[in-house]
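Quick note on the working numbering: the sequence shown kicks off at 1 and runs consecutively.
Don't be surprised by glycine CBs; every beta carbon is placed ideally from N, CA and C.
Below is one structure, written out as structure tokens; comments come after it.
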Amino acid sequence: MLAKGADVNAKTNDGITALILAAKYCVSDNMRTLIEKGADVNAKDNEGCTALMGAKNMNHKEIVRILNEAGTKE
């Protein structure tokens, strides 16, 4: 979908982005692709949660590392 011009930062009605979902479900390959395509690593959902918060809550250490390397803010 990204190759066809999909918005990498599109949000659901709850404010959830593809990056937030990828972080929650520990999909590191998708995370890297989304970040390379310009995903906002600091985007927040409607409850104020970020991909980093979700990854930390789920104890996904690799995802936390990827997000930190991409410049996330605590």
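- Distance from residue 21 to residue 43 at the Cβ level is roughly 11 Å; contact not present, criterion being Cβ atoms closer than 8 Å.
- Distance from the CA of residue 63 to the CA of residue 25, rounded to the nearest whole angstrom, comes to 10 Å.
- In this structure, residue 8 places its C-beta atom within 8 Å of the C-beta atom of residue 38.
- With fewer than 16 other beta carbons inside 10 angstroms of its own, residue 12 counts as exposed.
- Distance from the Cα of residue 68 is smallest, within the candidate group 15, 17, 14, 32, for 32.
- With contacts defined by Cβ atoms closer than 8 Å, residue 41 and residue 72 form a contacting pair.
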